[in-house]
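This report concerns only the one structure given below.
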DNA sequence: TTACATGCAAAGGATTTGCATCTAC
DNA sequence: GTAGATGCAAATCCTTTGCATGTAA
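Residue numbers (our numbering), protein chains in the order written: chain A, 1 to 133; chain B, 1 to 133.
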């Protein structure tokens with residue numbers, strides 16, 4: 001575990017919300033200005049392989065990630081106002097089969113929930129956007 | 001409605017499965033070799049705006065699309081073996097709240113189901129992969 | 001006609017990689 | 001000492017855009 005990796009990991013923790021590589025680079029460089037972009041990309045790839053972060057889509061042509069604190073099968077609830085992320089249990093666990101499957105055997109699914117967090121829900125402007133993919 | 005648009009639309013129909021722009025360009029050029037890549041990108045963007053196709057993720061760094069035949073809110077079931085796509089009703093319609101939301105108001109969700117179609121489920125090798133995002 | 005579609009090539013932008021150097025263990 | 005990490009710059013590759021031309025209505 002090298003110093004840049006430590007800085008990157010703590011930057012992800014400190015962000016506490018969905019982030020792009022650019023977001024993360026900015027956060028990292030606030031503390032360690034010399035860290036290269038390639039290093040951040042490589043660190044995020046490693047964290048993704050280790051299930052420490054998960055890609056939840058795309059924002060402005062860039063990959064969007066969230067820190068994955070929960071173990072096992074779960075999903076993410078992303079606030080479209082501020083990017084805050086919460087974990088949610090899988091609502092499909094209780095849903096038996098699936099309609100319209102036409103002989104399909106479902107082996108996996110991807111689910112991301114979007115909404116407004118308690119803070120953003122009470123604000124005036126419903127905020128702009130966040131993801132796309 | 002120009003000739004290239006017509007060719008592209010029918011190519012999407014003929015594919016009948018999840019496709020990348022490259023897949024579509026190949027299919028289009030089998031019939032109309034002179035069609036430019038930019039035209040395909042523009043046509044797909046128009047079809048996406050018209051809800052005729054939907055982006056369901058990424059495969060090999062390229063956007064992955066499916067043709068959207070159903071109206072209204074629905075999801076897609078993508079065969080990881082052959083890319084065949086089926087439509088599925090939303091299994092979350094029946095699921096009331098959500099656990100672990102911590103004050104979140106859910107306004108939208110993205111769900112894509114993966115599995116094996118009837119044909120691929122009976123084959124020997126479970127096939128490789130398909131999406132990523 | 002008149003606005004929109006097309007094709008080509010160039011541009012843009014995120015992400016990856018080569019390589020020499022450095023660092024953790 | 002050695003494998004892996006780093007940083008820089010160059011390279012990749014998907015996607016978009018400028019522009020002159022073509023085409024549908």
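By construction, the Cβ of each residue, glycine as well, lies at the ideal position given by its N, Cα and C atoms.
Cβ-heavy atom distance, residue i to the ligand GDP, below 7 Å
i             : result
residue 59(B) : As presented, the structure is devoid of all ligands, the ligand GDP included, so that no description of it is given.
Residue-level contact to chain B via CB, residue i, 8 Å cutoff
i              : result
residue 127(A) : Only weak support exists for where residue 127(A) lies, its pLDDT of 46 falling under 50; the value from the coordinates is given anyway. So, not an interface residue.
residue 4(A)   : no
residue 27(A)  : no
residue 109(A) : yes
residue 82(A)  : no
residue 86(A)  : yes
residue 117(A) : yes
residue 20(A)  : no
residue 71(A)  : no
residue 32(A)  : no
Classification of residue i by the beta-carbon crowding that lies within 10 angstroms, buried from 16 upward
i              : result
residue 128(A) : Reliability of the predicted coordinates at residue 128(A) is poor, the pLDDT of 48 falling under 50, and the value obtained from them is presented with this limitation in mind. Classification of residue 128(A): exposed, given that the 10 Å Cβ count is below 16.
residue 67(A)  : buried
residue 120(A) : buried
residue 33(A)  : exposed
residue 80(B)  : buried
residue 93(A)  : exposed
residue 88(A)  : buried
Contact with chain A by residue i, beta-carbon distance below 8 Å
i              : result
residue 65(B)  : no
residue 103(B) : yes
residue 39(B)  : no
residue 77(B)  : yes
residue 147(B) : In the structure displayed, chain B extends from 1 to 133; residue 147(B) sits before or after that span and is not available.
residue 113(B) : yes
residue 106(B) : yes
residue 121(B) : yes
residue 1(B)   : no
Straight-line Cα distance separating residue j from residue i
i              : j              : result
residue 17(A)  : residue 83(A)  : 5 Å
residue 118(A) : residue 9(A)   : 27 Å
residue 52(A)  : residue 45(A)  : 10 Å
residue 86(A)  : residue 12(A)  : 14 Å
residue 72(A)  : residue 65(A)  : 18 Å
residue 4(B)   : residue 35(B)  : 7 Å
residue 41(A)  : residue 21(A)  : 7 Å
residue 115(B) : residue 104(B) : 30 Å
residue 19(B)  : residue 37(B)  : 15 Å
residue 1(B)   : residue 122(B) : 42 Å
residue 107(B) : residue 78(A)  : 10 Å
residue 54(A)  : residue 91(B)  : 23 Å
residue 43(A)  : residue 6(B)   : 45 Å
residue 15(A)  : residue 24(A)  : 8 Å
residue 70(A)  : residue 39(B)  : 44 Å
residue 48(A)  : residue 48(B)  : 29 Å
residue 50(B)  : residue 50(A)  : 39 Å
Expected contact under 8 Å - CB spacing of residue i and residue j to nearest Å
i              : j              : result
residue 110(B) : residue 101(A) : Not really, about 19 Å apart at Cβ, beyond 8 Å.
residue 56(A)  : residue 76(A)  : 6 Å
Is the region 27-42 of chain A close to the region 52-61 of chain A, with three or more CB pairs under 8 Å? Note that the region 27-42 of chain A does not touch the region 52-61 of chain A; fewer than 3 beta-carbon pairs, one per stretch, sit closer than 8 Å.
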